[in-house]
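J.:
Residue numbers (the UniProt record's numbering): 1 to 319.
Spelled out as structure tokens, the structure:
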């Protein structure tokens with residue numbers, strides 16, 4: 001699973017002038033984050049809990065919710081109910097429910113299950129790529145070319161992820177130029193958006209700026225997203241820097257759940273509740289109902305017997 005899961009939530013802030021943001025929408029990898037947390041705890045999350053969480057996020061006003069991952073149940077048994085989840089969703093008009101597809105077989109299964117958008121993932125680190133998907137970075141990108149061809153034939157938009165953009169658990173610091181190279185290849189293949197993931201949460205605002213400077217030379221900033229884990233408490237600072245650099249999409253996860261089974265010690269993606277609170281404080285309209293979002297976070301934490309990682313939820317007593 002790339003980047004700890006897409007209980008995907010990305011916040012889109014449309015930057016209209018330096019330092020000023022006029023609009024934001026939150027695009028949440030919601031269930032992927034919750035799913036990642038379940039993987040790390042070797043817990044099977046009941047299908048009905050997944051479906052109810054996604055429905056709660058829809059009602060909270062999140063326009064993009066990554067519903068599930070079409071990975072092999074053999075390797076990720078927590079995702080064996082992909083088709084049931086897709087069938088059980090009470091899809092709300094105007095809400096998009098993309099899914100993760102690691103290969104052509106996964107893509108075909110996703111389309112058959114009714115997916116209208118998919119995501120693929122690569123890495124900027126050779127060792128992480130081999131640990132995560134058992135192939136080199138170049139081999140992974142070659143695999144994704146057949147997914148892209150199939151997606152174009154089906155008219156299905158594809159989002160691309162790049163893991164370990166600010167550091168790797170095996171290689172340490174990752175070259176910004178390597179990140180730019182992988183991002184460029186995904187964009188050249190036809191990915192409509194590229195999410196840059198600080199998978200182990202070691203990034204700082206300075207590192208984020210340096211990395212974005214390199215990537216923006218190869219890929220239009222308008223198609224970039226950031227995906228910041230909060231291991232060192234730097235996620236919100238990094239997100240603010242990304243917004244100031246023109247990035248308009250921020251991935252996040254409800255209650256800050258998640259992690260990565262191949263990056264021991266890494267905490268979850270930044271909490272959706274905290275991102276929304278910050279954006280509202282900046283005067284950015286997200287369309288997200290924060291109290292309803294807090295309820296969704298409380299629900300999944302109680303369901304998983306986990307404590308929320310959201311500072312906003314803790315301060316609001318939504319534990």
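All C-beta atoms in this analysis are idealised placements derived from N, C-alpha and C, irrespective of residue type, glycine included.
Keep in mind it's a predicted model, so treat the numbers as computed, not measured.
Quick check on residue 90: does DSSP put it in helix, strand or coil?
T.: The DSSP-derived three-state label of residue 90 is coil.
J.: On the three-pair Cβ rule with 8 angstroms, is the segment 174-182 touching the segment 158-165?
T.: yes
J.: Report yes if the C-beta distance between residue 80 and residue 73 is below 8 angstroms; otherwise report no.
T.: yes
J.: Please work out which residues of its chain come closer than 8 angstroms, Cβ to Cβ, to residue 42, disregarding the five sequence neighbours upstream and downstream, and give them in chain order.
T.: The pLDDT assigned to residue 42 is 42, lower than 50, so where the model puts this residue is not dependable; a value taken from the coordinates is nonetheless given after this. Counting only Cβ-Cβ distances below 8 angstroms, and skipping sequence neighbours, we find nothing.
J.: By the three-class DSSP mapping on this structure, what secondary structure does residue 68 have?
T.: strand
J.: Which partner residues does residue 158 have in the DSSP bridge list?
T.: 118
J.: Could you compute how far the alpha carbon of residue 121 sits from the alpha carbon of residue 152?
T.: 17 angstroms
J.: Does residue 164 come out as helix, strand or coil in the three-state DSSP assignment?
T.: coil
J.: How far does the beta strand (DSSP E) with residue 52 in it extend, from its first residue to its last?
T.: Counting along the chain, residue 52 falls outside any beta strand (DSSP E), though it belongs to the alpha helix (DSSP H) covering 47-59.
J.: Can you tell me whether residue 222 is buried or exposed, with buried defined as 16 or more other CB within 10 angstroms of its CB?
T.: With fewer than 16 other Cβ atoms within 10 Å, it is exposed.
J.: Which residue wins for smallest C-alpha separation from residue 166, given the options 147, 202 and 148?
T.: 202
J.: Please state if the CB of residue 293 and the CB of residue 276 are separated by a distance shorter than 8 angstroms.
T.: yes
J.: Measuring straight from C-alpha to C-alpha, what distance separates residue 218 and residue 297?
T.: 37 angstroms
J.: Run through DSSP, which three-state label would residue 212 get?
T.: Helix at residue 212.
J.: For residue 322, does the three-state DSSP call read helix, strand or coil?
T.: Nothing can be reported for residue 322, as the shown portion of the chain is limited to 1 through 319.
J.: Going by DSSP in three states, residue 294 sits in which element: helix, strand or coil?
T.: helix
J.: Where do the N-terminal and C-terminal ends of the alpha helix (DSSP H) with residue 279 fall, by residue?
T.: 272-281
J.: Under 8 angstroms: do the segment 164-178 and the segment 92-110 share three or more Cβ pairs, one atom per stretch?
T.: no
J.: Got a sec, what are the start and stop residues for the beta strand (DSSP E) residue 95 sits in?
T.: No beta strand (DSSP E) holds residue 95; DSSP gives it neither H nor E.
J.: Please list, in chain order, all residues of the same chain as residue 237 whose beta carbon is under 6 angstroms from its beta carbon, the five residues on each side excluded.
T.: 205
J.: Could you work out which residue in 224, 91, 187 and 48 is closest to residue 61 when comparing CA atoms only?
T.: Ranking the options by Cα distance to residue 61, first place goes to 91.
J.: Going by DSSP, name the residue or residues bridged to residue 198.
T.: Looking at the DSSP assignment, residue 198 forms a beta bridge with 228.
J.: Quick check: what's the CA-CA separation for residue 136 versus residue 125?
T.: 9 angstroms
J.: What are the boundary residues of the beta strand (DSSP E) that includes residue 249?
T.: 249-253
J.: Please state whether the Cβ-Cβ distance between residue 93 and residue 44 is less than 8 angstroms.
T.: no
J.: What's the gap between the Cα of residue 284 and the Cα of residue 195?
T.: Rounded to the nearest angstrom, the gap between the Cα atoms of residue 284 and residue 195 is 21 angstroms.
J.: Does the beta-carbon of residue 281 have 16 or more other beta-carbons within 10 angstroms, so that it is buried, or is it exposed?
T.: exposed
J.: Residue 251: which of 193, 46 and 107 sits nearest, CA to CA?
T.: 193
J.: Can you name, in chain order, every residue of its own chain whose Cβ lies under 7 angstroms from the Cβ of residue 316, other than the five neighbours on each side?
T.: 294
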